[in-house]
Every structure is written in C-alpha cells, then in structure tokens.
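Participant:
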Amino acid sequence: MKSEFTVANAYRYNRSSPVRWIASHLWRHKFFLMFSVVCWLSAYASFSTLQVIIGRAADEVLNPSSDNALLFIALTAIGVSLMDSMSSLTGAFLLETLGKRFQRDAREELYISLLSKSQVFHDRQRTGDIMARATEDMTGLSDMVIPGFIFIFDSCIGIVMPLLFIASIKVDLLLVPLVFLVIYVFVVRNYVRRLNPVIARQRDQFGVMNAGLEESISGIEIVKASAQEAFERLKFRQNARQFKDYFVQQGRIESRYLPLLMYGIAFGLMFLHCMSLYRQDELSIANIIAVMGLFGVWRFPVFISIFSWSLMENGLNSARRILTIINAETDLDENATGYAGELRGEITFEAVSFGYEDGMVLEDISFHIKPGQTVAIVGQTGSGKSTLTELVNRTYDATAGRILIDGVDVRDWNLDALRSHISKIEQDIFLFSRTIAENIAFGAPDASQELIEQAAKEAQAHQFILSFKDGYQTKIGERGVTLSGGQRQRIALARAFLSNPRILILDDSTSAIDSATEDEIQKAIKRAQQGRTVLLITHRLSQIRWADRILVVDQGKLVASGSHEELLHSSPHYRRIFARYDAALPDIESEALEVYMPSEEVI
Amino acid sequence: MGFFMDGLDAEAYDRQYSDRELVKRIVSYFRPQLPRMVIVATAVVLTAGVDVLLPIIISRSLDTLQNDPASANLLLITSLITVVASLSWVFNMLRQWLSAEAVGNVVLNLREDAVDAITERDLSFYDTFPSGKIVSRVTSDTAAFAQVVVLTIDLMSRILLVGFLLIYLATVSTKLTLVLVTISPFVMGAALGFRKIARDWVTQSRRVLAEVSNHIQETVSGIGVAKTFRQESTIYDEFLDVNNRSYKINLRTGFTFSSIFPILNVIIGFGTAGLLYVGGKTVLSGSLSAGDWYLFIQGMALFWFPLTSIASFWSQFQLGLAAGERVFAIMDAENKVVQTANHVLDQVRGDIRFEHVDFWYNENETVLKNFSLHIQTGETLALVGHTGSGKSSITKLIARFYEFQGGKILVDGHDIRTLSLTDYRRFLGIVSQTPFLFDGTVMDNIRYGSPEATEQEAERAAQAVGGGDWIKSLPQGLHTAVGERGSSLSMGQRQLVALARVLLQNPSIFILDEATASIDPLTETLIQEGLDTVMDNRTSIVVAHRLSTIKNADRIIVLREGEIIEEGSHEDLLAQGGHYAELYNTYFRHQSLEYIEASGELIA
C-alpha cells in the first residue's frame, strides 16, 4: 500500500476483515484474555458452589450432624464468596487492561495511517468524521472488551455453569432450562431486530432536531429580520414531535420484553418439576433449595445477554468504520527513489487537466514560469485557481498532461525533496497550539532564536509579536490571545522564510482593516517574492497589478495571461475589475486575444 | 456515568425558584399526564408486591411439602407462580409503556414552550448567550428533567420493595431481620465511597480524552502544514505521549469501576454467611421453619441491589430538578424590546427619524447620547467611524433588534415602539457582515424572506444581481446546496445570495453592514454591481468599509463616540481635512487606485 509516512517496527495487524482485525489485536495480548477466562470460570464456580453450600446448610438444618457443622458451612460460604470476588476482580482487571490497550493500540494504528494518507484523502474526509473514529469508535472497541466480554462471559459461563451444577444434582432437571434457552434465543433475536432500528432512528432524529435548532438560533438575526419566527418554530415542532414518536415507539417495544414473562413461567415449571421429583423421593428439600437457587442465578445472565450482543455489534461496527479509514488507498507515496536534485523553481504546465468523476476542475492548462517570477492567479471562487497551485507540490496529481519542475515531471521527484523546496501558505492559515516561536520554527525545529527573529522581522511580524506579554513564547489559542488574519499570515510567512523554499505558493485572502497593516502585509509579501518563484492567489489588486504575469482562470480554463497592461488591453474579465475604479481604461484591442494561445507562452 | 459530571454552568438569566414555585411549575406539565402517572404508580406498587410474593410462595410451598407432602397441590402452586410472574410482566409493561408516553409528552411540551419562548427574545438575549448553551437547554436539559419522572417512579419502586421485604421479614423473624439491617450501612457506605472516588477519576479521564481529541483534531486540521514541512514524525511522537497518558488514566478509572461489585460482593458474602449460621441455629432451635430461612437467603439478593442504587439515584434526581430549573429560567428570561402597540402599516416609504435617542448595551457604556438624525426616503446613507463609534448600533435600532433608553425613533412619522414588529420587519432588507445562509439550496435561501414568491421571481432577482454572472460558477446553479451555514459557498457568494434575497423581498429600507472580509476581485466587482441594483430608489443605510460605497453614497455621516461630527460628500469631507480625512487615511486609502498604482514602489 502506498504511504507518505511509515513507522519502523510497527506491530502488524490483520486488516482483511473487522473480525480478523479485532482478533489480531486481542491475540497481541492473548495471555490477558486467556487468564481472564480462567478467572471468570473460577468466579462462577464459586458462585454456584455458594448455592450448593446454601443447600447443604438447609440439609444440615433439617438433619443436624454435629454442633460445628453449621459454623463450618458458614465459614466455607465466606471463603467461597471471597474466592468469587477475588476471581472476578482479577478477571475484570485483566479485561480492563486488555480493553484499554486495544483502544490505545488501535488509536495509534489509526493515527499512523492518518499521517500516511495523502492530502486528497484528507480533503475528502470531514474532520468530524475522523474525530468520531478516533474517539467514539475507539470507546466502542474498548466497551466491547469491557464490559462486553464480561457480559459475554456472564452469559456463557453464567448460563452453562449452573446447568452443570443442576445436572450434577439431577440430570432430569435440565429439561425446563434447555427448552427455555432455545425459545429465548429466538425471542431475543427478534426483539433486538425490532428495537435497534428504532433506537438508531431516534438518535438520528435527535441530531436533526439539535442541528435544526442550532441553525435557527445562529441565524436568529435573519430569522427576525425576515419575520420568519413562526416558520422556525414550526420546523422545530415537527422535529420534536417526530423524536417523541420514536421515543414512545422504543418504550412500547421495550415494554413488551417477552423473556421476562418466559423466565417467570420457566421458574414455575422448574419448581413443579422439583416438587414432583421430591414426591417420587428423588430429590431432597435441600436439593430443591439449591436447584431453585441455581436457576435464580440465570436471572442475571439471561438479561445481560441482550447488552452483550449489542455491545459486540457496536464494537464490530466501530472496527469496520476504523478499518475503512485505515484501509483507504492513498494515491501518492514517498517515492523515495525519485529525483532529488536542487530545485531552481522553474514551473511548466503542459496541457494539464484535473478532475473527479463528476466533472473537470481544470481543463487543458499550459503555461511556463521562469525561476524567480511572481505569477498572480485571478478568478472567481470555484474557478479552479487553488487546485492549480495544489498540483505543483503534488497535493494532487494531474489526471491528464504533465507538470514539470526544473524540467522534471513532479511524479518523478522524490516527494520529500520536492515538498521540502515548496512552501505553501493556505487561505485558512493553520497554526498549532504552541508558542509563536515553535510555530515559526515548525519546519526547522533546530533553528536558533536569532534565526526565528530574523525570519519574523522579514515577515513584518516581529513588532506585533513583541507587543504580546510573552513575546515569542506566547502560546497561540490560549487565554484570549487571538491573532488577526493578517497576523496569522505574517507568522506563516516567517515560517516559510525559515525553511527558505524555492517555490512559494501563497493563497492570500486576508484583508487588512487599516492601511497601516496593509503596508506591513505588502512589505512582507514583497520580501517573500525576492529570490524565489511565487504563485500568488490574491485579492489584493496591488499585488495583481505588479505581478510579473497574471493568469486569469474562469471555470477551469485559462482565459487570459499576461502583464497588467497587456490584460487591460485584451481581457474583458480583467477590465471589469478595474472598471469600478474611475481609472481611464485603454481601448480593448481585439476579442481574439481573449482566447489564450499557448504558442505565445512557450519560450 | 455521564450524570456524574453534567455541567451546572450558571447564566445571567438563571434564577433561584422557590421549591413551591418549582413544584407548581412541574406539576403543570405533569397534570395532563396524571391518568398515566396514576396507572404507572399503581403498577409500580403492584410489581413490587408481586415480586415479593414469589419467594414467599416458594418458601410456603417448601414448608407444606416438607411437613405435609400429601396435601400439597403441585399444579396449584405452579399456576400460582406462573400467574404471579405474568402479572409482574403485565404491570411492568404498563409501567414502561405509559411512562414512555408520559415522559415523551412532557419533554415535547417543554421543548415546544421553550422554543416558543426563545424565538420571542430580542437580540440582546442571543448576544449574551452562546447558541450551543441555548440549544442544550432546549434539547438536553428537557430530557434530563423528564428523567425526574422515571427516577421518581424507580426510586419509589425500590423503596417500596425494600420496605415490603423488611416488614414481612420482621414479622417472620426479628432476629434475622436485624442481621440483615446491620449489614446494610456497610453496603450503602461502600457504594457511596465508591461514587466519590469514581467522580474524581472520571473527571481526569474526560480531561485526558479531551487532550487526545484535541491532538488528533489539530493533526487532521494541520495535516497539510505537517506534510509541507515533513514534520510527521515529530507530531507522531507527541501523539504517542498523549495516547499513553490517556491509556494509563483510563486504566486506573477502569480498575476503580471494576472493583466496586467484587467489593460489594464480599460484604454481601459475609451477610450470607451470617444468615446461614444464625438462621441455621434458629431453625435448629425450632423457632424458625426451613421455608422462612430460605426466604431470608432469597431476600438478601432482592434486597442489596435497590439499596446500592438508591444512593446514586438521589444525585440524579437533583440533577434532573436542576435541569428543569434551567429550562424554566430560559423560558422566563425577560425581553428588553417591548412594543406598546401593534400597528400594521400598509406601506413604508423609508423616512427615518432619530430624535434625541439614548442607547446603551449595558449601563456602563453609553453608545448613543442624545442622538438625532433624519434619513430621507430613497436616500443612500454611509456611516463611517472607528469601531465602537455606534455605526452598527444605528442600523440595529432601525431594525428594532434592541431597546433604546431615551428619545424617539420615528418611521414614516410612526413611533417605532407602536409598530407590529412582524409586519414592520417585512419592509426591511438586511445584509449582515457575514451573511447567514440556511442549510438548503441557493434558491431556498433567496426565497427565505418571501416564501410566497415563485421560483421564476427568485431567479429574476438572482439574475439582477451582478448580471447573474455568479450563478454560472455555482456547480448546480441556483439549485446548488449551500451546506451547513452556507459553508460550501465562498464568503463573496454568500453575500451575492443575501443580496438576491433582499432584492426578492423588495424592502422599503435596506440595511447593509459591509463585509470586512476580503473577496476575490471578480466576485467583489459582482457584489458592487449587485449593490447598485439593490440600493437604487430605496432608503439605504450602510455601515461602510468599502471606498467605492462611500464614494457612491448620497451622504456620509462621520461618527465618533456616538456623535455625528461631520457629514457631507466624500470630496467635500476629504477637502475639510477633519476626522473623515483621518478615517480615510486609516481605513480607505489602501483601497484607492492611487495606492494600487503606487504600491509598485512601496517596498523595493
């Protein structure tokens, strides 16, 4: 499988199916599992023995043998119940460890796989979904082990063990319990099948109701301004009513839980069986007490088994969801053997197209950028201008055509070498919740404070960083330290300066509230352009105006290319931008020039 | 175990209800459910009675069987047990079914009332309280409150069960009952002590889970940066650290939870042994029958579980009441905007007059003081000034989102306080800085304010904004889904949708709080063209952040600390060299063509 990140000596799990994956995780800690089964056997043996002891006490009471016999029985009872407690305690501890280790290991496995996935994968995943896998589904896994396995043990051992004891007293007495068990399995399966969909619908409906209300409240200003309060109330009422219907439906299904009735009837029949055996002198009163006690033990496992099944199912579903992510194919790999020379910063697009099955994002794009040039890309939202830049550092791979960096196809570059020379500053600048210094030095963790400050100065960030109480040690996102878009951008620029890339991709959509800040940002960007190739997606007319070249993109196509003056003459798109400034526009020369001609562009 | 930690964060609208008030309020919601509740309560008592009956029947039968085997009617005994078990099932069914209905109805009524109440609140309420908290009061707190019913019934049934058992057992043998009672405090004590420890551990577990979540969330959001800088292994090491810490703390919490039942079992084991011994001796001495003795052993099992759970129920019960109190508090929060009459206007021309208006959000910060302004029908008015100068407040008062403290606001000569708000606001078109879109299509959103408009009319409005060029860039045109809060559209596109929405509504007064976010130059051009269409022949009040807007305005009002200090046209004001000139140099200069042209030499 292709991977962008690997960990040496990672434990290998079987990922061919959810069940095998769970099994291989459990197998890693097999001794915990086996030993806990032993503990549970011992616990149930003790518990059932206790019922027998109670029966023996009854025997002793009815036919006294010696003075101390009763005391001895009582002491045995204490010993047995201690044994029971200790066994179940140890067993639970073992399972607890197993469950939490499973959770830890699986989360680590998921994490490694997340790091190894390409950007394409991450773009398609919603953060919320991945978070749900990493938290709720991990809990689903550990819940399956504990208390899930305990319930399973309880159900299996708790049902089998008393049966064995009953059989040891009188085999005939197995009749009622066995018949009960068979019917019980069918009834419960049916019950769960009816109940689960209702619970799922109810949970979904709760989400719908919550999200709907949240939306109404977030948009309350427009609700009020449009006088649509009644409409929003109606929307909520419908959602709340639907939820109530599911809630009552669940209550109705749960109230008709038949096994409760069946168990009561079986209890009566069991007693009848005992009494008739007593009449035939085949069973003593003491034995009846013991048998009824043993059958009473069933009450718990019989009811707990419902939960154990749903916990198992839940865990299995969690495993399936986690595996879907882990097993998702990633389209790029490290390409460790690829070309890894120095990078100069020459970029060539040769008839590049990119798209998904449902439509093309970019179509037949060709251009050439010399090392050190600054190129501004202009286009409406959704025109494909961001995607265009993302093909350069192989965030995505083109679906047709070639992209050459220094004359070498990006797919032949060593991914590490390629990316380490290309820096990208996103539209939503992401900063880690660490200190400002650590953020600036993110790509070069060993950089000295001096170098960090140098980079910050060049990015016009030094001044405002010092204005914070803790300066460079200010932790981002903590206690009211919020950075404006312009400040975040300058920190990102400093981060890029420190790693000194040959190609800088700058998606600049910050807005300066005031002219002074605008001056600072302009200076920082100007500095960034020195000595490297820059691809600039910007809203700043001044940056566009002074770029070496401007590419105008419209609905995935390159519709115009050239300098400011050239485009003012040739491109209606470009002229429209400047039309609202009362600038005197030159006459448009020819409609024909609007169509991009690659022959002009190739040097 | 969620109930351990449910937050009890207090808000300003929270109030302390007296017990009497609270009970009255609660009763009003439960009264319609009274028949159901009575049946449920009866069923609870009967279930408890029947459950106690079962061991008694068995013990009596054993006595008969032992002393006089011939007289025992086996079938009778069996049918008795079967009937008792069936009855127990029937009562239980009634209890679950009817209480689900009762709870469902109470929650629904409570939710509906809560939402009715909060949609009546004015905007100062929403400014003060985060939407997440309001939502959780309406959806989660109501559910928690309804649990009070279930809990009350459960608690009752358990106390009854324990009570019945004790009374019956005491009539049989006081001595054995005393043994049983002696052990009880230990069991309860252990259960309570465990709760205390568990609460601390659970808090720590939650905290560490939050840490893990944060780390992963940050990794996933910042994966692009991590990949660009090839720092995957650094953050992987950090993850290992957090993940291991979480493992250790979770394990400790798990151990605590796992140990409770074994510990309780040991105590109960001692109890059983004690009863075996003391009971056995008593039977031997002849003052107790074997059947009664059996009853005691069985009684213990029935006895312990309710005892341990009563402890935890109590705190859940309190939490439920507290949740109820929170729901009532949000319903009872008072509105600041109060209308004195309900006049419906046929037509609004858009003549707005502020007369000596005083306004503040809170008493320490006066926003407008003795403020007067006359906006004429059809005028385009630009408001400029530093943050906090009162620009937005003026527009919010016109929309009657907030109450003002002094003076008068007149719309077409009518006191704004006498108007029917629902009716008046139909004449207003408002576009805020970050336009809010509802989940649905672009078309749905354009029609939001005028649901009676046809699709064709909506399409015409959309085409009128920026020549309709923006629609082409939407993947499915006007039927493109906008996503949650419009997230699949760019900020610029959201503004275009909002403009189309206003245009369709055809309001008499247009209020625009201009976006400060930057928008790509092409979309920006479309927005500007759209604004020209919307503002044409309409009273327009704009909180201006765009140079082109102020240049196009009929009149610019320059505000400082809630006062008008200059007014006039762009050229005149700039020539005056006053506060406006200063504002221009601070906020607008960089948007000018001169700046753009000069920026080539700016750095070098």
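Chains as they are written, first to last, in my numbering: chain E, 2 to 604; chain S, 21 to 624. Glycine residues also receive a C-beta, built at the ideal position from the N, C-alpha and C atoms.
1) Grab the span of the beta strand (DSSP E) containing S:Y146 for me, first residue to last.
2) Taking Cβ positions only, does E:M276 come closer than 7 Å to chain S?
3) Closest to E:P178 by CA distance: which of E:A241, E:T136 and E:M263 is it?
4) Would you say S:P541 lies against chain E (beta-carbon separation less than 7 Å)?
5) At 9 Å on the CB atoms, spell out the chain S contacts of E:Q243, in chain order.
6) Give me the chain E residues within the contact set of S:I101, using Cβ-Cβ distance strictly less than 7 Å, ordered along the chain.
7) Is S:G408 helix, strand or coil by DSSP?
8) My guess is that E:L142 and E:Q203 are in contact by the Cβ rule of under 8 Å, so how many angstroms apart are they, rounded?
9) Note down, in chain order, every chain E residue with its Cβ under 8 Å from the Cβ of S:K247.
10) Tell me whether the segment 279-292 of chain E and the segment 154-172 of chain E touch, counting them as touching only if at least three CB pairs, one residue from each stretch, are closer than 8 Å.
11) Verify the CB distance criterion: does E:D549 have a CB-CB separation below 7 Å to chain S?
12) Buried or exposed: where does E:T35 fall if 16 or more other Cβ atoms within 10 Å of its Cβ makes it buried?
13) So which of E:K558, E:G557 and E:I551 has the shortest CA-CA distance to E:R576?
14) Which residues, in order along the segment 239-266 of chain S, keep a beta-carbon less than 8 Å from a beta-carbon of chain E?
15) Does any residue of chain S have a CB that is nearer than 7 Å to the CB of E:S219?
16) Once DSSP output is grouped into helix, strand and coil, what is the label at S:D261?
17) Quick one: what does DSSP say E:A517 is sitting in, helix, strand or coil?
18) Counting only beta-carbon separations shorter than 7 Å, does S:W109 have a partner in chain E?
19) Using a Cβ-Cβ cut-off of less than 7 Å, list which residues of the segment 529-554 of chain S approach chain E; keep chain order.
20) S:T415 by DSSP, collapsed to three states: which one?
21) Could you work out which residue in E:G532, E:I578, E:D520 and E:E521 is closest to E:L542 when comparing CA atoms only?
22) Per DSSP, which residues does S:V563 bridge with? Please list them.
23) Of the choices E:F207, E:Q251 and E:G129, whose alpha-carbon is the least far from that of S:N234?
24) E:F443 and E:R489: beta carbons closer than 7 Å?
25) Please confirm if the segment 60-80 of chain S is in contact with the segment 94-105 of chain S, defined as three or more CB-CB distances below 8 Å between the two stretches.
26) Could you name each continuous alpha helix (DSSP H) segment of 4 residues or more that falls completely within the segment 452-505 of chain S, going from the start of the chain to the end?
27) Name the residue from S:F458, S:K268, S:W117 and S:L94 whose alpha carbon lies nearest to the alpha carbon of E:E97.
28) Quick one: what does DSSP say E:P587 is sitting in, helix, strand or coil?
29) Can you confirm whether E:M132, when its beta carbon is compared against all beta carbons of chain S, has any partner nearer than 7 Å?
30) For E:D447, is the classification buried or exposed, using 16 other Cβ atoms within 10 angstroms of its Cβ as the cut-off for buried?
31) With a threshold of 8 Å on Cβ separation, who are the neighbours of S:H599 within its own chain once the five nearest residues in sequence on each side are excluded?
32) Can you look up E:P19 in the DSSP assignment and give me helix, strand or coil?
33) Name, in chain order, the residues that DSSP records as bridge partners for E:K558.
34) Quick one: grab the DSSP three-state call for S:G427.
35) Beta carbons nearer than 7 Å to chain E: which residues of the segment 142-165 of chain S have them?
36) Would you say S:R346 and S:R157 are within 7 Å of each other, going by their C-beta atoms?
Facilitator: The answer reads as follows:
1) Run containing S:Y146: none in the beta strand (DSSP E); it sits in the alpha helix (DSSP H), L143 to T148.
2) Chain S places a beta carbon closer than 7 Å to that of E:M276, counting this residue as a contact.
3) Minimum Cα distance to E:P178 is reached at E:M263.
4) Cβ-Cβ to chain E under 7 Å: yes for S:P541.
5) Simply none; closest approach about 10 Å.
6) Result: F268, G269 and F272.
7) Of the three classes helix, strand and coil, the one that applies to S:G408 here is coil, per DSSP.
8) The Cβ separation is near 24 Å, so there is no contact.
9) Those are E5, Q120 and R420, listed as they occur along chain E.
10) Segments in contact, yes.
11) Closer than 7 Å: no.
12) Thr is not the amino acid found at residue 35 of chain E; the sequence shown has Met there. It counts as exposed.
13) Looking at the Cα atoms, E:I551 is the closest of the given residues.
14) Those residues of the segment 239-266 of chain S that come within reach of chain E (Cβ to Cβ, closer than 8 Å) are T239, V240, S241, G242, I243, G244, V245, A246, K247, T248, F249, R250, Q251, E252, S253, T254, I255, Y256, F259, L260, N263, N264 and S266.
15) Closer than 7 Å: yes.
16) DSSP places S:D261 in helix when its eight states are reduced to three.
17) Reduced to three states, the DSSP call for E:A517 is helix.
18) At a cut-off of 7 Å between C-beta atoms, S:W109 counts as an interface residue with respect to chain E.
19) For the segment 529-554 of chain S, the set of positions with a beta-carbon nearer than 7 Å to some beta-carbon of chain E reads T536, A537, S538, I539, D540, P541, L542, T543, T545 and Q548 in chain order.
20) It is helical.
21) Among E:G532, E:I578, E:D520 and E:E521, the Cα nearest to that of E:L542 is on E:I578.
22) Answer is S:L403 and S:D533, bridged to S:V563.
23) Closest by alpha carbon: E:G129.
24) Not in contact: E:F443 and E:R489 (Cβ atoms no closer than 7 Å).
25) As far as the Cβ criterion goes, the segment 60-80 of chain S touches the segment 94-105 of chain S, which means the pair count is three or higher.
26) With a minimum length of 4 residues, the continuous alpha helix (DSSP H) runs that stay inside the segment 452-505 of chain S are 462-466, 475-484 and 489-492.
27) The candidate whose alpha carbon is nearest that of E:E97 is S:K268.
28) Note: E:P587 maps to coil in three-state DSSP.
29) Yes, E:M132 lies at the interface with chain S (some Cβ there is under 7 Å from its Cβ).
30) Around the beta-carbon of E:D447, fewer than 16 other beta-carbon atoms lie within 10 Å, marking it exposed.
31) The answer, listed in chain order, is V578, R580, I585 and E586.
32) DSSP places E:P19 within a helical segment (H, G or I) once states are collapsed to three.
33) The secondary-structure analysis by DSSP pairs E:K558 across a beta bridge with E:D555.
34) S:G427 falls in the strand class under three-state DSSP.
35) Residues passing the 7 Å Cβ filter: L143, Y146, S151, I154, V155, V158 and T159.
36) Contact annotation: S:R346 and S:R157 have beta-carbon atoms nearer than 7 Å.
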